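K.L.:
Per the working numbering, the very first residue in the sequence shown carries number 1; after that it's consecutive.
Glycine included, every Cβ here is placed at the ideal spot set by N, Cα and C.
Everything numeric in this text was worked out from a predicted model, so none of it was measured.
My structure is below; once you've seen it, I'll send some questions.
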Amino acid sequence: MKRDYPHLCEPLTVGRVTLRNRMCSAPLGATDITAEGSPGPRTQGFYELRAKGGAAVVTVSELVVHPETDGSQMLRLSLKTPGQLAAFSFLADAIKRHGSVPSIELSHSGQYAGTYMVDKKGKQGLCQYGPSDAVRPDGLPVKALSQEQIADIVAAYAQAAALAKRAGFEMVMVHAGHGWLVNQFLSPYFNKRDDEYGGPLENRVRFAREVLTAVREAVGPGFPIELRMSGAELFDGGYDVDEGGRIAHALEDLVDIIHVSAGSYQFGFSVTHPSMFREHGCNVYLAEQIKKHVGVPVATIGGLSDPRQMEDILASGKADLVVMGRALLADPDIPNKVMANRGQDVVKCLRCFVCMAERAVTQTRRCAINPRIGREIEGMDVVPAAKPKNVLVVGGGIAGMTAAATAAERGHNVVLCEKEAELGGILRTEQALPFKRDMYELGRSYARRCEQLGVEVRLNTPVDAALADEIGADAAIVAVGSEPLALPMPCEDGARVLSIDDLYLDGAEAGDEVVVIGGGLTGSECALLMSQRGKKVHVVEMRDGLAVDANVRHRPILLAEVEGAGIDVVLNARGKEVRRDGVMVTLADGSEQLVPGDTVVCAIGQRSRSAAVDALRDCAPSVRVVGDARRPANICTAVYEAYHAALDV
1 MKRDYPHLCE
11 PLTVGRVTLR
21 NRMCSAPLGA
31 TDITAEGSPG
41 PRTQGFYELR
51 AKGGAAVVTV
61 SELVVHPETD
71 GSQMLRLSLK
81 TPGQLAAFSF
91 LADAIKRHGS
101 VPSIELSHSG
111 QYAGTYMVDK
121 KGKQGLCQYG
131 PSDAVRPDGL
141 PVKALSQEQI
151 ADIVAAYAQA
161 AALAKRAGFE
171 MVMVHAGHGW
181 LVNQFLSPYF
191 NKRDDEYGGP
201 LENRVRFARE
211 VLTAVREAVG
221 PGFPIELRMS
231 GAELFDGGYD
241 VDEGGRIAHA
251 LEDLVDIIHV
261 SAGSYQFGFS
271 VTHPSMFREH
281 GCNVYLAEQI
291 KKHVGVPVAT
301 IGGLSDPRQM
311 EDILASGKAD
321 LVVMGRALLA
331 DPDIPNKVMA
341 NRGQDVVKCL
351 RCFVCMAERA
361 VTQTRRCAIN
371 PRIGREIEGM
381 DVVPAAKPKN
391 VLVVGGGIAG
401 MTAAATAAER
411 GHNVVLCEKE
421 AELGGILRTE
431 QALPFKRDMY
441 ELGRSYARRC
451 EQLGVEVRLN
461 TPVDAALADE
471 IGADAAIVAV
481 GSEPLALPMP
491 CEDGARVLSI
501 DDLYLDGAEA
511 GDEVVVIGGG
521 LTGSECALLM
531 SQRGKKVHVV
541 EMRDGLAVDA
551 NVRHRPILLA
561 EVEGAGIDVV
571 LNARGKEVRR
581 DGVMVTLADG
591 SEQLVPGDTV
601 VCAIGQRSRS
611 AAVDALRDCA
621 PSVRVVGDAR
631 RPANICTAVY
641 EAYHAALDV
């Protein structure tokens, strides 16, 4: 078979283990952790799905090696806890029975103990330890580890590695990046020690060498050890990529793979986990530089989801393996699709951070475009229907396309009607935003999927009861979406007011100074776009915060982008009148202010197309309303509702 992606599909031998391809699954945390720190059945299903999708290595995370100095709500492994070893054994077995190599990440958070606790106040009761005495940005004191404690932690790494091997894991990853404890010792910013663990580089790598040496002694020869490190810390006072190369060179004799990430949790979450505002593969250059200093295989990571880009990375010699995290939540089958020359069918990650935000809020997992994530064991797989039915889907946005594709995959006869000339719905507007191009591409991917599954698509076709009756649907899924709210204030004659659709779909040009009314997620993104186009931009928001509807991971990144763009934000302001020279607003204290501008963009929200919904409530024996047609929300809600509506037919 001729491979479209020969380098991605090439096997690689590390230690005594052969990886079936060059595509690996990054550590992604656990979804259900017991009070004792054991992985629950949902965690097993979560990681098994990555193995079913064809990943060469599936790495489970994070296993806390020394809870005494790293109290947190993460995984633990001890023989003292009944059933814990068995839980990890079942997890390792679930991964390797599909041909993947099960690996586990050995971790110590150091001074960032408690990072993943949902109850952030709980951190107050923890002891934060690091290489040196310090005070965290949140005011919590950090205590320097004694040499006795360091020795205990080194021994704990070895014990955890030995137990992981005993449980059936065939590889371990030592986390030495992102500002975690090993990285804190490596970093001149965090490490201010004056003993043999601090000062010059040969001292700062001592702890890492001791950890890796102990792990090797525990697992024996031929058992692969992967070192995860930040190629550069990318903040003032941290080490740069040149020193990152020296660190890698100083440690390579103890490891089989060097996995090059970037940055530090404290100083750049959107660098370590590239946001939609960064280029895909933005951290690959670090792996390329580190590779010049070492002879062991180098893995790269950072917003990778396009098979062609990943193939080019390997073909050009920038790295030897590619690692994906969020991409394999959006589409767990990327490796299988690549191996089968179906790279064009990959559904790409939106980098919207729904997955990470959900973990921080509810301790579960969710993906905006893959409703199975975190719920893999709940019987949500697509299975053939006992009896094929005629299914009418009304609306060709993401909810409608999800419902249509899922119903067709189950074997139903599906007719999808869309009143516009193109599928995609609100996703079509994202084409105008460079940083949301992936969302526009998602619409195209789903349109292609509907075609491949044999969905009959009728464009320029509004649906009424008569047409539904003519189609003879046994079930209808109504996904007619929402429409923009109109400005609830007077507008002076000659004032220029545009909607989001005017800007994004119809190509309307704004003037030199723009006022965006509505500072939610849509308004904030519009303001960014206008700023990128060289406009002077003001945002008027009636609430006391910007983008409050954005998730907890994406919002700080978006706010930083808005601040960096120099956008003027007026909060607690209610629009009173749109004038030709701007918007008159009423502030919280009752005073009035003119926010100047020659163009006003309305971004105050959406409302369901309730009239269209009401007209179709009796159009079939079974009718479900999903997505924005039910209630304006977000893409995650729309996909989830549509998927389940199709499963229920």
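Does the region 426 to 439 come into contact with the region 268 to 285, if we say contact requires no fewer than three beta-carbon pairs (one atom in each stretch) closer than 8 Å?
P.N.:
Touching, yes, given that three or more Cβ pairs across the two stretches are closer than 8 Å.
K.L.:
Where do the ends of the alpha helix (DSSP H) carrying residue 413 lie?
P.N.:
No alpha helix (DSSP H) contains residue 413, which is instead part of the beta strand (DSSP E) from 413 to 417.
K.L.:
Can you check whether the CB of residue 95 is closer than 8 Å to the CB of residue 58?
P.N.:
Cβ atoms of residue 58 and residue 95: closer than 8 Å.
K.L.:
Could you check the C-alpha separation between residue 458 and residue 337 for me, to the nearest Å?
P.N.:
Those two C-alpha atoms are separated by around 29 Å.
K.L.:
Return the CA-CA distance between residue 255 and residue 281, expressed in angstroms with no decimal places.
P.N.:
About 24 Å.
K.L.:
Within 8 Å, do at least three Cβ pairs link the region 289 to 303 to the region 364 to 379?
P.N.:
Touching, no, given that fewer than three Cβ pairs across the two stretches are closer than 8 Å.
K.L.:
Measuring straight from C-alpha to C-alpha, what distance separates residue 552 and residue 360?
P.N.:
Using only the alpha carbons, I get a separation of about 8 Å.
K.L.:
Any contact between the region 609 to 624 and the region 540 to 560? By contact I mean 3 or more CB pairs, one from each, below 8 Å.
P.N.:
These segments do not touch.
K.L.:
What ranges does the alpha helix (DSSP H) occupy inside the region 464 to 493, keeping only unbroken runs of at least 4 residues that lie completely in it?
P.N.:
Runs found: 465 to 471.
K.L.:
Can you tell me the Cα-Cα spacing of residue 581 and residue 353, whole angstroms?
P.N.:
Whole-angstrom Cα-Cα distance: 38 Å.
K.L.:
Could you tell me if residue 383 is buried or exposed, where buried requires 16 or more neighbouring beta carbons within 10 angstroms of its beta carbon?
P.N.:
With fewer than 16 other Cβ atoms within 10 Å, it is exposed.
K.L.:
I'd like to confirm the pairing. Which residues does DSSP put opposite residue 570 in its beta bridges?
P.N.:
DSSP output for residue 570 lists 540 as bridge partner(s).
K.L.:
May I have the straight-line CA-CA distance separating residue 238 from residue 325, to the nearest angstrom?
P.N.:
Each residue's alpha carbon lies about 25 Å from the other.
K.L.:
If we ignore side chains and look at the alpha-carbon of each, how far apart do residue 474 and residue 389 end up?
P.N.:
Rounded to whole angstroms, residue 474 to residue 389 spans 6 Å at the Cα level.
K.L.:
For residue 131 versus residue 266, is the C-beta distance shorter than 8 Å?
P.N.:
Cβ atoms of residue 131 and residue 266: not closer than 8 Å.
K.L.:
If you run the structure through DSSP and keep just helix, strand and coil, what is residue 355?
P.N.:
Helix, per DSSP.
K.L.:
On the three-state DSSP scale, how would you describe residue 9?
P.N.:
Of the three classes helix, strand and coil, the one that applies to residue 9 here is helix, per DSSP.
K.L.:
Look up residue 548 in the DSSP assignment and say whether it is helix, strand or coil.
P.N.:
Three-state result, residue 548: coil.
K.L.:
Select from 47, 30, 356 the residue whose C-alpha is nearest the C-alpha of residue 24.
P.N.:
It is 47 whose Cα lies nearest to the Cα of residue 24.
K.L.:
Could you pull out every residue in the same chain whose Cβ sits closer than 7 Å to the Cβ of residue 268, ignoring the five residues on either side in sequence?
P.N.:
234, 235, listed in sequence order.
K.L.:
Taking residue 574 as the reference, give the member of 398, 174, 583, 229 with the closest Cα.
P.N.:
Ranking the options by Cα distance to residue 574, first place goes to 583.
K.L.:
Please report the straight-line C-alpha distance between residue 243 and residue 232, rounded to a whole angstrom.
P.N.:
Using only the alpha carbons, I get a separation of about 8 Å.
K.L.:
Can you grab the Cα-Cα spacing for the pair residue 495 / residue 602, in whole Å?
P.N.:
Cα to Cα, the separation comes out at about 13 Å.
K.L.:
Could you tell me if residue 657 is buried or exposed, where buried requires 16 or more neighbouring beta carbons within 10 angstroms of its beta carbon?
P.N.:
Only positions 1 to 649 of the chain appear in the structure, and residue 657 is not among them; the question remains open.
K.L.:
Assuming residue 285 is part of the alpha helix (DSSP H), what are its boundary residues?
P.N.:
Element bounds for residue 285: 284 to 291.
K.L.:
Can you give the Cα-Cα distance for residue 501 and residue 208, rounded to whole angstroms?
P.N.:
Going from the Cα of residue 501 to the Cα of residue 208 covers about 54 Å.
K.L.:
Find the nearest neighbour of residue 643 within the set 402, 476, 410, judged by alpha-carbon distance.
P.N.:
With distances taken between Cα atoms, residue 643 lies closest to 402.
K.L.:
With which residues is residue 579 paired in a DSSP beta bridge?
P.N.:
The partner list for residue 579 (beta bridge, DSSP) reads 582.
K.L.:
DSSP on residue 166, reduced to helix/strand/coil?
P.N.:
Helix at residue 166.
K.L.:
When the Cβ atoms of the region 142 to 161 are set against those of the region 101 to 117, are three or more pairs found closer than 8 Å?
P.N.:
Segments in contact, yes.
K.L.:
Determine the closest residue to residue 451 out of 547, 309, 414, 576, with distance taken between C-alpha atoms.
P.N.:
The shortest C-alpha separation from residue 451 is found at 414.
K.L.:
Helix, strand or coil: which one does DSSP assign to residue 367?
P.N.:
Residue state, collapsed to three classes: coil.
K.L.:
Reducing DSSP to helix, strand and coil, say where residue 89 ends up.
P.N.:
If DSSP states are grouped into helix, strand and coil, residue 89 belongs with the helices.
K.L.:
Under the rule that 16 or more other beta-carbon atoms within 10 Å means buried, what is residue 202, buried or exposed?
P.N.:
Its Cβ having fewer than 16 others within 10 Å, residue 202 is exposed.
K.L.:
Assuming contact is defined by CB atoms lying nearer than 8 Å, are residue 297 and residue 247 in contact in what I supplied?
P.N.:
Going by C-beta atoms, residue 297 is not nearer than 8 Å to residue 247.
K.L.:
Could you give the distance in angstroms between the alpha-carbon of residue 214 and the alpha-carbon of residue 293?
P.N.:
Spanning the two alpha carbons is a distance of roughly 24 Å.
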